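Everything in the sequence shown is counted per UniProt numbering, starting at 1 for the first residue and increasing by one. Everything below concerns the one structure shown next.
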Amino acid sequence: MTILRGLAELRSPENPAVPLTSTTLLDWMGGTRTASGRQVSETSSLAFSAVWRCTALISGVASALPLHVYEDGTHNRQPSQLLKNPHPELTALEVWRLAYVHRSLWGNAFVQKIRDGGGRVRELWPVTPDRVQVERDRPTGANPSGKTFWVTDDWGVVHERTPREILHLPGMGYDGVCGVSPIRAAQQAIGLGLAAEEYGARLFGSGNLMSGILQTEQRLEPDQADALKARWKAKMSGLDKAHDIAVLDSGAAFQPVSLPAKDSQFLESRSFEVEEIGRWFGVPHFLLGLTAKSTSWGTGLEQQAIGWVKFDLHPTWLAPTEQRLTKELLGASVTASYKIEGLLRGDSRSRAEFYRVMREVGAFSANDIRHLEDLPPVPDGDVYLQPMNMVPLGTEPEDKGQGGEPPAGDDGDEGE
Numbered sequence: 001m002t003i004l005r006g007l008a009e010l011r012s013p014e015n016p017a018v019p020l021t022s023t024t025l026l027d028w029m030g031g032t033r034t035a036s037g038r039q040v041s042e043t044s045s046l047a048f049s050a051v052w053r054c055t056a057l058i059s060g061v062a063s064a065l066p067l068h069v070y071e072d073g074t075h076n077r078q079p080s081q082l083l084k085n086p087h088p089e090l091t092a093l094e095v096w097r098l099a100y101v102h103r104s105l106w107g108n109a110f111v112q113k114i115r116d117g118g119g120r121v122r123e124l125w126p127v128t129p130d131r132v133q134v135e136r137d138r139p140t141g142a143n144p145s146g147k148t149f150w151v152t153d154d155w156g157v158v159h160e161r162t163p164r165e166i167l168h169l170p171g172m173g174y175d176g177v178c179g180v181s182p183i184r185a186a187q188q189a190i191g192l193g194l195a196a197e198e199y200g201a202r203l204f205g206s207g208n209l210m211s212g213i214l215q216t217e218q219r220l221e222p223d224q225a226d227a228l229k230a231r232w233k234a235k236m237s238g239l240d241k242a243h244d245i246a247v248l249d250s251g252a253a254f255q256p257v258s259l260p261a262k263d264s265q266f267l268e269s270r271s272f273e274v275e276e277i278g279r280w281f282g283v284p285h286f287l288l289g290l291t292a293k294s295t296s297w298g299t300g301l302e303q304q305a306i307g308w309v310k311f312d313l314h315p316t317w318l319a320p321t322e323q324r325l326t327k328e329l330l331g332a333s334v335t336a337s338y339k340i341e342g343l344l345r346g347d348s349r350s351r352a353e354f355y356r357v358m359r360e361v362g363a364f365s366a367n368d369i370r371h372l373e374d375l376p377p378v379p380d381g382d383v384y385l386q387p388m389n390m391v392p393l394g395t396e397p398e399d400k401g402q403g404g405e406p407p408a409g410d411d412g413d414e415g416e
């Protein structure tokens, strides 16, 4: 019995059905305690709005994209009932959204392959990463990769699984076995954000930021002070009292209270923490609601969104999933591919101009354009056009000889 398996057979002090692994023990204790004093785990980090938004954005966009199967090396689509309906209860979007949520928080996603009597994968069941321990042993004939998954079921029983039974989608890592949890890597930044949020709640909840102070040189009894405050509120409250002039008796003076400079810096630090979490997850700031440092109009945001798809969403999240599905579920003759053209499209005018140019130079056919616009093909739409005035460089006109004279033996008269 391995050390990991022995550890997995221990049970949580609160729930014997939950394995007492290193991850679940930290979760039971509230997560890793950071320098800010806040404990951070994969689940508690969702209380920070920036983490929630990044996780929801990545998992939502990635799972909503059409996932097609193509004949290898072609654009011929092949049907796949497994990808169309992978779970008896969950929809395909819900299965893959859950997988991307697990990758965003734990750095790994695990999906159990349910096979039929013929050994073909018929269903995909997501497994929460905190139930799985991964180790690599010497490769064998039954397990060529040597990777073993120790999975704890709902009744606390630990099962040994191989890649034939578990589809593993790792994120970025350093050992080639598992991905690194972004939450554990960014726990100090997340802890600081949670602590700042708690500090702000306590600051406003304690009443330290009142609107102002009524001062008087006289000594007032509690009922006199309450009466003076009531008269002040009666004179200054309400829309009809806007810009009115208040007259105070008993030598009272009103002094407004503004936000201290240190508390203004506190608000700036909260904004910075949102930017920091966006950097950890590779999400542009404008998608987190931060538009102060970037244009919020025209093609500026459009180009940033396209850049996010090109430089982060596709290479970090989509491409690894495509290749893992192709390698472990579909076989060598077909390829899984997300259709991301819709995310990369510009506005209607820019697309129309691009299609016109590509059509005129013969790069696109009518059906190529319709395919990019998610429209069905039309008859005779696969014809590629070529402008009549375009010929390879250096080609002489067919009806002219050298120097522009008619070819020898041709006097230029028809019918003779």
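Think of the CB as a built atom: it goes at the ideal place given N, C-alpha and C, for glycine as much as any other residue. What you are looking at is a predicted structure, and each value in this text was computed from that prediction instead of being measured.
How would you write the range of the alpha helix (DSSP H) that residue i sits in, first residue to last?
i, result
"His102", "Ala92 to Trp106"
"His68", "Element bounds for His68: not the alpha helix (DSSP H) but the beta strand (DSSP E), Leu67 to Glu71."
"Lys84", "Gln81 to Lys84"
"residue 425", "In the structure as shown, the chain begins at 1 and stops at 416. Residue 425 is therefore absent and cannot be evaluated."
"Leu57", "Ser49 to Ala64"
"residue 424", "Beyond the ends of the chain as shown, which are 1 and 416, falls residue 424; an answer cannot be given."
"Ala366", "Ala366 to Leu372"
"Leu343", "Glu341 to Leu344"
Should residue i go down as buried or exposed, given a rule of 16 or more other Cβ atoms within 10 Å for buried?
i, result
"His168", "buried"
"Trp52", "exposed"
"Glu275", "exposed"
"Pro66", "exposed"
"Glu414", "Confidence at Glu414 is low in this model, with a pLDDT of 48, below 50, so the placement of that residue should be treated as unreliable; the coordinate-derived value is given next. That one is exposed."
"Tyr384", "exposed"
"Gly176", "exposed"
"Ala109", "buried"
"Pro126", "buried"
"Glu42", "buried"
"Glu273", "buried"
"Thr74", "exposed"
"Ala363", "exposed"
"Val69", "buried"
"Gln133", "buried"
"Ala196", "buried"
"Thr152", "buried"
"Pro315", "exposed"
"Arg38", "buried"
With respect to the beta strand (DSSP E) encompassing residue i, which residues constitute its N-terminal and C-terminal limits?
i, result
"Lys147", "Lys147 to Thr152"
"Tyr338", "Val334 to Tyr338"
Between residue i and the rest of its own chain, which residues show a CB-CB distance below 6 angstroms, the 5 nearest in sequence each way excluded?
i, result
"Arg97", "Ser59 and Ser63"
"Thr162", "Asn143"
"Thr140", "none"
"Ala186", "Trp280"
"Gly278", "His285 and Leu288"
"Ile3", "Low confidence applies here, because Ile3 scores a pLDDT of 40, under 50, leaving its location unreliable; read the following figure in that light. Around Ile3: no qualifying Cβ."
"Gly171", "Arg103, Gly107 and Gly179"
"Thr326", "Thr335 and Ala336"
"Leu46", "Trp52"
"Asp382", "Ser365 and Asn367"
Under 8 angstroms from any heavy atom of the ligand GDP, does the C-beta of residue i make it?
i, result
"Ser49", "For the ligand GDP, the structure offers nothing, since it holds no ligand at all."
Give every residue of the same chain whose Cβ lies closer than 7 angstroms to the Cβ of residue i, excluding the five residues on either side of it in the sequence, and list them in chain order.
i, result
"Thr321", "Leu169"
"Ala225", "none"
"Thr34", "Val40, Gln187, Gln188 and Gly191"
"Val357", "none"
"Glu221", "none"
"Val361", "none"
Going along the chain, which residues of its own chain have a beta-carbon closer than 8 angstroms to the beta-carbon of residue i, five neighbours each way excluded?
i, result
"Gly6", "Note on Gly6: pLDDT 42, under 50, position unreliable in the model; no value is reported."
"Leu122", "The question names Leu, yet the displayed sequence has Arg at residue 122. If we look at Arg122 and ignore the five residues flanking it on each side, its Cβ neighbours are Leu82, Ile114, Arg115 and Asp116."
"Thr148", "Val134, Glu135, Arg136, Asp137, Glu160, Arg161 and Thr162"
"Leu344", "Ile306, Val309 and Lys310"
"Pro182", "Ser104, Leu105, Gly107, Gly171, Trp280 and Phe281"
"Gly173", "Gly107, Gly179 and Val180"
Who are residue i's beta bridge partners in DSSP?
i, result
"Lys113", "Leu124"
"Thr32", "Val40"
"Arg279", "Answer by DSSP bridge pairing: none, since Arg279 is not bridged."
"Arg77", "Tyr70"
Query raised in the report: Of all the alpha helix (DSSP H) runs that stay within the bounds of the region 119 to 206, which reach a length of 4 or more residues?
Result: 182 to 185 and 187 to 205
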